[in-house]
Amino acid sequence: MKLLFIGDVFAKAGRLVLANRLEKLKSIYRWDVCIANAENAAGGKGINYNVAQEIFNSGVDTITLGNHTWARKEIFNFIDSCNKIVRPSNYSKGVPGKGRLIIEKNGVRIGIINLIGRVYIDSFADCPFQTADRDISILRQQCQIIIVDFHAEATSEKIALAHYLDGRVSAVIGTHTHVQTSDERILENRTAYITDVGMTGPADGVIGVNKTQIIQKFMTGLPVHFEPAKGRTCLNAVIIDIDEKTGHARDIIRISETYN
Ligand SMILES: [Fe+2]
Ligand SMILES: [Fe+2]
Numbered sequence: 723m724k725l726l727f728i729g730d731v732f733a734k735a736g737r738l739v740l741a742n743r744l745e746k747l748k749s750i751y752r753w754d755v756c757i758a759n760a761e762n763a764a765g766g767k768g769i770n771y772n773v774a775q776e777i778f779n780s781g782v783d784t785i786t787l788g789n790h791t792w793a794r795k796e797i798f799n800f801i802d803s804c805n806k807i808v809r810p811s812n813y814s815k816g817v818p819g820k821g822r823l824i825i826e827k828n829g830v831r832i833g834i835i836n837l838i839g840r841v842y843i844d845s846f847a848d849c850p851f852q853t854a855d856r857d858i859s860i861l862r863q864q865c866q867i868i869i870v871d872f873h874a875e876a877t878s879e880k881i882a883l884a885h886y887l888d889g890r891v892s893a894v895i896g897t898h899t900h901v902q903t904s905d906e907r908i909l910e911n912r913t914a915y916i917t918d919v920g921m922t923g924p925a926d927g928v929i930g931v932n933k934t935q936i937i938q939k940f941m942t943g944l945p946v947h948f949e950p951a952k953g954r955t956c957l958n959a960v961i962i963d964i965d966e967k968t969g970h971a972r973d974i975i976r977i978s979e980t981y982n
C-alpha cells in the first residue's frame, strides 16, 4: 500500500495547496492513505474545528500535531471526540486527546503514533523512546503497519529514534523544522525514514512566516507580530510504499513542489 505523508500544513496558504493540488497529485502517485501534520494549519499556529474539516475534505485521512497543539483553545472542544487527530503521545497522562490511533483504509489497518522531541522543543514531555515502546506493543495487536510522526528539532534525536524503532514500525517521519531534508531512506530493518518531511504553505517566508517580520525580530529582539508569508506556495511530502503483509517499507520518495 502507498501512503502520502504531508509536512506541516501552514495557514490558509497550506490549506489551499491541499484543496487545489492533492487530487492531481493523487492521480500521479495513487496513494491509499494520506496523513498530514497540521499543527500550523490555523493562521500558522494550532488548529480549530473548521480548519480540521477543511483539511479532511481535501482528502487527508488523519492529522498529526506537535508543539503548537494547544495554540488555539477551541481544540479542547473537539480533540477528545475526533478519531482522526493525534497529538503527541508522550504528553503527560490525563492530557486531552490521544497520541495513537488506528485507521482502516481499503481493508488495511494502519496505526499512527505522534511523538514530540525533548531536545530544544519540549522538555516537559515524557521519554519518546519509552512511549513508542508502549504504543507499538498496543498497536501491534491490531496492525502490521505503524507510522510514527516524530515532531522534533534535533536531527540527532530524530535519527536515534528512527534506529531505535527500525524494523518495528513501517516509517518514522520527522516533522517540525519546516525544511525538507534529503536523507530519505530505508533503514537496515525496513523502516522508512526522513529527518524532516518539510512544510506545505508559503514558499518564500521564513518557515512560513513573513520574512520582513522575522528579520526584524532577529535584528532587534523586540516583540514582533508574525503573519503568514504571502506569494508563492509549496507542498512537501513523502510517498512511502509498504508491504501490508509484513509492515516493512519498500520505498520512500520525496515530493517537493512550488507553485506560482
Ligand atoms: Fe510546524
Ligand atoms: Fe512544530
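The numbers in the sequence shown follow this note's numbering, run straight up by one, and end at 982. Positions of the beta carbon are idealized from the N, C-alpha and C atoms, including for glycine. Just so it is clear, the structure is predicted and the values come from calculations on it, not from any experiment.
State the beta-bridge partners of residue i as determined by DSSP.
{"i": "Glu979", "result": "Leu957"}
{"i": "Lys806", "result": "Lys806 pairs with nothing; no bridge assigned."}
{"i": "Glu826", "result": "Arg831"}
{"i": "His873", "result": "Ile838 and Thr897"}
{"i": "Asn762", "result": "Phe732"}
{"i": "Lys724", "result": "Asp963"}
{"i": "Tyr915", "result": "Val894 and Arg907"}
{"i": "Thr786", "result": "Asn759 and Val808"}
{"i": "Ala971", "result": "Ile964"}
{"i": "Gly923", "result": "Cys956"}
{"i": "Asp888", "result": "Val891"}
Comparing alpha-carbon positions, which option in the options lies nearest residue i?
{"i": "Thr791", "options": "Ala763, Asp965 and Val782", "result": "Ala763"}
{"i": "Ala914", "options": "Ile869, Val928 and Gly821", "result": "Ile869"}
{"i": "Thr917", "options": "Asp848, Leu887, Ala874 and Asn770", "result": "Ala874"}
{"i": "Ile964", "options": "Ile769, Gly788, Ile867 and Tyr813", "result": "Ile867"}
{"i": "Gly829", "options": "Glu796, Gly896, Met723 and Tyr981", "result": "Met723"}
{"i": "Asn812", "options": "Ser845, Pro850 and Gln938", "result": "Pro850"}
{"i": "Ile977", "options": "Glu906, Asp926 and His947", "result": "Glu906"}
{"i": "Glu979", "options": "Leu725, Arg743, Phe732 and Arg737", "result": "Arg743"}
{"i": "Ala862", "options": "Phe872, Lys815 and Ile832", "result": "Note that residue 862 corresponds to Arg in the displayed sequence, not to Ala. Minimum Cα distance to Arg862 is reached at Ile832."}
{"i": "Lys767", "options": "Val755, Leu747 and Val731", "result": "Val731"}
{"i": "Leu835", "options": "Asp783, Gly816, Asp871 and Ile825", "result": "Here the sequence assigns Ile to residue 835, which means Leu is not the residue at that position. Nearest of Asp783, Gly816, Asp871 and Ile825 to Ile835, Cα basis: Asp871."}
{"i": "Gly816", "options": "Arg840, Glu826, Asp848 and Ala793", "result": "Asp848"}
{"i": "Glu949", "options": "Thr942, Glu966 and Ile929", "result": "Ile929"}
{"i": "Tyr886", "options": "Ala876, Gln852, Ala925 and Cys865", "result": "Gln852"}
{"i": "Ile825", "options": "Cys756, Ile750 and Arg856", "result": "Cys756"}
{"i": "Ser904", "options": "Ala925, Thr877, Leu883 and Pro924", "result": "Thr877"}
{"i": "Glu910", "options": "Pro924, Asp888 and Ala925", "result": "Asp888"}
{"i": "Gly953", "options": "Pro924, Asp783 and Glu745", "result": "Pro924"}
{"i": "Leu725", "options": "Asp754, Gln864 and Glu745", "result": "Asp754"}
{"i": "Gln864", "options": "Ile937, Val931, Ile881 and Leu823", "result": "Leu823"}
Quick check on residue i: buried or exposed, where buried means 16 or more other Cβ atoms within 10 Å of its Cβ?
{"i": "Val739", "result": "buried"}
{"i": "Gln902", "result": "buried"}
{"i": "Asn805", "result": "exposed"}
{"i": "Asp973", "result": "exposed"}
{"i": "Phe940", "result": "exposed"}
{"i": "Asp844", "result": "buried"}
{"i": "Thr922", "result": "buried"}
{"i": "Ile975", "result": "exposed"}
{"i": "Phe846", "result": "exposed"}
{"i": "Lys795", "result": "exposed"}
{"i": "Asp802", "result": "exposed"}
{"i": "Ser814", "result": "exposed"}
{"i": "Glu879", "result": "buried"}
{"i": "Leu944", "result": "exposed"}
{"i": "Ile927", "result": "The sequence shown places Gly at residue 927, not Ile. The residue in question, Gly927, is buried, as its Cβ has 16 or more Cβ neighbours within 10 Å."}
{"i": "Ile962", "result": "buried"}
{"i": "Asn779", "result": "exposed"}
{"i": "Arg840", "result": "buried"}
{"i": "Arg752", "result": "exposed"}
Is the separation between the beta-carbon of residue i and that of residue j shorter than 8 Å?
{"i": "Thr955", "j": "Ala774", "result": "no"}
{"i": "Val960", "j": "Phe727", "result": "yes"}
{"i": "Thr897", "j": "Gly788", "result": "yes"}
{"i": "Ile858", "j": "Arg890", "result": "yes"}
{"i": "Asn982", "j": "Gly729", "result": "no"}
{"i": "Ile785", "j": "Ile797", "result": "no"}
{"i": "Ser892", "j": "Gly969", "result": "yes"}
{"i": "Ala758", "j": "Ile769", "result": "no"}
{"i": "Arg912", "j": "Ala854", "result": "no"}
{"i": "Gln935", "j": "Val946", "result": "yes"}
{"i": "Val807", "j": "Gly819", "result": "Note that residue 807 corresponds to Ile in the displayed sequence, not to Val. A contact, by the Cβ cut-off of 8 Å."}
{"i": "Tyr984", "j": "Phe800", "result": "Residue 984 is absent from the structure shown; the chain starts at 723 and stops at 982."}
{"i": "Lys748", "j": "Gly781", "result": "yes"}
{"i": "Ala733", "j": "Gly765", "result": "yes"}
{"i": "Lys967", "j": "Ala951", "result": "no"}
Starting from the N-terminal end, write out each residue whose C-beta falls within a distance shorter than 6 Å of any non-hydrogen atom of ligand 1.
Asp730, Glu761, Asn762, Gly788, His898 and His900
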